[in-house]
Ligand SMILES: [Zn+2]
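Residue numbers (this note's numbering): 4 to 329.
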């Protein structure tokens with residue numbers, strides 16, 4: 004079986020970090036992330052790499068009026084009301100991308116669409132948290148219907164899904180399939196990568212994931228990408244590309260070595276290697292993060308030349324799985 008390399012980006016602007024403590028401190032990273040997106044697109048194009056941009060549905064709106072007209076009637080009733088973005092939708096967002104670049108993103112979606120090989124996927128409509136108390140499957144179904152509706156109004160149908168904070172359950176995946184999704188990004192089969200509600204996410208799980216990005220606590224996370232869960236193709240994440248402050252720190256070097264080694268093993272073993280991050284992770288120290296990315300993309304090109312490794316979006320991967328089953 005041919006090996007493949009997949010990149011997915013959780014494209015969310017402020018909607019993905021709105022409920023973080025000290026979220027105001029992230030505004031510069033979000034704006035820096037907007038500036039980094041064209042640079043990432045250029046790097047993907049230069050290296051012939053296809054990526055899936057899992058986009059929050061709110062970002063498709065051009066104006067506040069349009070955003071308000073697309074809100075679903077059934078919304079999540081989270082036990083912790085801070086998880087709901089709807090107060091901000093009603094009381095905080097500006098008129099459009101020109102005056103409120105933290106909450107709107109249609110011009111960036113268009114740039115992504117215009118770059119060869121890129122796929123626009125979904126990151127739910129409202130940055131929906133499936134495992135938080137109050138997040139019913141009915142509310143998720145309404146959320147996904149709204150996500151498809153606003154994307155389709157811009158001529159885009161999304162088939163790939165990345166769930167916010169990777170929170171998922173079988174019921175939510177069935178609702179996603181009914182909304183037209185065919186493939187989702189699952190989590191590695193390792194205890195400290197399993198999706199959890201925020202309150203159950205202990206500090207030591209996070210510490211283990213950080214350590215594992217540099218030294219091998221887990222064996223390689225590349226997968227055959229054959230899993231089908233709840234009638235969706237599962238393309239599990241292999242690794243989160245952690246943001247760097249400089250390319251020469253020990254942590255940066257260790258992470259790069261680990262990722263390249265895992266990519267090489269995936270290429271030799273005919274597996275898929277799936278890297279993911281958020282555009283705002285490149286919002287600070289953008290040049291160092293771009294340099295790191297370009298080093299990884301060059302490594303992919305060498306594996307394509309030596310082992311025939313293919314660049315695939317999540318949707319490409321799902322289609323190759325369904326073709327091989329016929
Ligand atoms: Zn997110």
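Backbone N, C-alpha and C define an ideal beta-carbon position, used for all residues, glycine too. This one's a predicted model, so the numbers in the text were calculated from it and none came from an experiment.
- Beta-bridge partners of residue 124 (DSSP): 57.
- When C-alpha distances from residue 126 are compared across 186, 104, 105, the shortest belongs to 186.
- Using a Cβ distance threshold of 9 Å, residue 82 and residue 136 count as a contacting pair.
- Following the DSSP letters along the chain, one finds residue 276 inside the beta strand (DSSP E) bounded by residues 275-280.
- Chain order is used for the residues whose beta-carbon lies nearer than 7 Å to a heavy atom of ligand 1, namely 13, 15, 19, 126, 130, 167, 168, 281.
- Counting the other CB atoms within 10 Å of its CB gives residue 71 a total below 16, which places it among the exposed residues.
- Nearest C-alpha to residue 76 among 66, 11, 89: 89.
- Assignment of beta-bridge partners to residue 99 by DSSP yields 66.
- When Cβ pairs closer than 8 Å are counted between the two stretches, the region 114-131 is seen to touch the region 32-47, the count reaching three or more.
- Scanning 289, 101, 164 for the CA closest to the CA of residue 122 turns up 164.
- For residue 183, the closest of 149, 191, 171 by C-alpha to C-alpha distance is 149.
- In its chain, beyond the 5 residues on either side, 130 have a beta carbon closer than 6 Å to the beta carbon of residue 19.
- In terms of CA proximity to residue 69, 98 leads the group 58, 98, 84.
- For the region 109-184, the full-length alpha helix (DSSP H) segments reaching 4 residues or more read 109-116, 140-155, 173-181 along the chain.
- The shortest CA-to-CA distance from residue 134 to any of 261, 36, 176 is the one to 176.
- Shortest Cα-Cα distance from residue 234 to any of 178, 277, 278 involves 178.
- Secondary structure at residue 72: helix, using DSSP grouped into helix, strand and coil.
- Around the C-beta of residue 317, 16 or more other C-beta atoms lie within 10 Å, and the residue is accordingly described as buried.
- One alpha carbon belongs to residue 259, the other to residue 286, and they sit about 19 Å apart.
- Excluding five sequence positions before and after residue 67, the CB atoms of its chain that fall closer than 8 Å to its own CB belong to 96, 97, 98, 99, given in chain order.
- Selection 251, 13, 49 evaluated against residue 33 yields 13 as nearest (Cα-Cα).
- Annotation for residue 17: 33, 105, 106 place their beta carbon closer than 7 Å to its own, counting only its chain and skipping 5 residues before and after.
- In the structure shown, residue 105 falls within a coil segment according to DSSP collapsed to helix, strand and coil.
- One alpha carbon belongs to residue 262, the other to residue 296, and they sit about 11 Å apart.
- If the five residues before and after residue 153 are omitted, its C-beta is found closer than 6 Å to the C-beta atoms of 60, 63, 73, all from its own chain and listed in chain order.
- The C-beta distance from residue 282 to residue 40 rounds to 5 Å, short enough to fall under 8 Å.
- With respect to the C-alpha of residue 57, the residue from 4, 308, 5, 188 having the closest C-alpha is 188.
- A Cβ-Cβ distance of about 22 Å is found for the pair residue 102 and residue 128, leaving them out of contact under the 8 Å criterion.
- Contact between residue 138 and residue 79 holds: CB atoms are separated by about 5 Å, below the 8 Å threshold.
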